[in-house]
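Comments concern the structure below.
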Amino acid sequence: MNKPISQKISEIRKARSLTQEQLGAKLGISSQAVSKWEKGGSLR
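The opening position of the sequence shown corresponds to residue 1 in my numbering, with each subsequent residue numbered one higher.
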């Protein structure tokens with residue numbers, strides 16, 4: 001069964017012991033954007 005991308009993002013982030021803020025900083029985006037991705041609100 002395929003997992004939604006939002007769930008995959010969350011699982012990988014947690015497996016690497018990163019906060020949403022840390023992941024956002026690495027990607028050059030806000031932690032709010034990461035949160036939206038993980039909630040499935042926006043994937044752009």
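Beta carbons: idealized from backbone N, C-alpha and C, even for Gly.
Check	Outcome
Report the CB separation of GLU38 from ILE12 in whole angstroms; it is logged as a contact under 8 Å.	So it is not a contact: roughly 11 Å between Cβ atoms.
Taking the Cβ atom as the reference point for each residue, do ALA15 and GLY24 lie within a distance shorter than 8 Å?	no
State the DSSP-derived secondary structure class of LYS3, mapped to helix, strand or coil.	coil
Within the same chain, show all residues whose beta-carbon is closer than 6 Å to that of GLU21, passing over the 5 residues directly before and after it, in chain order.	SER31
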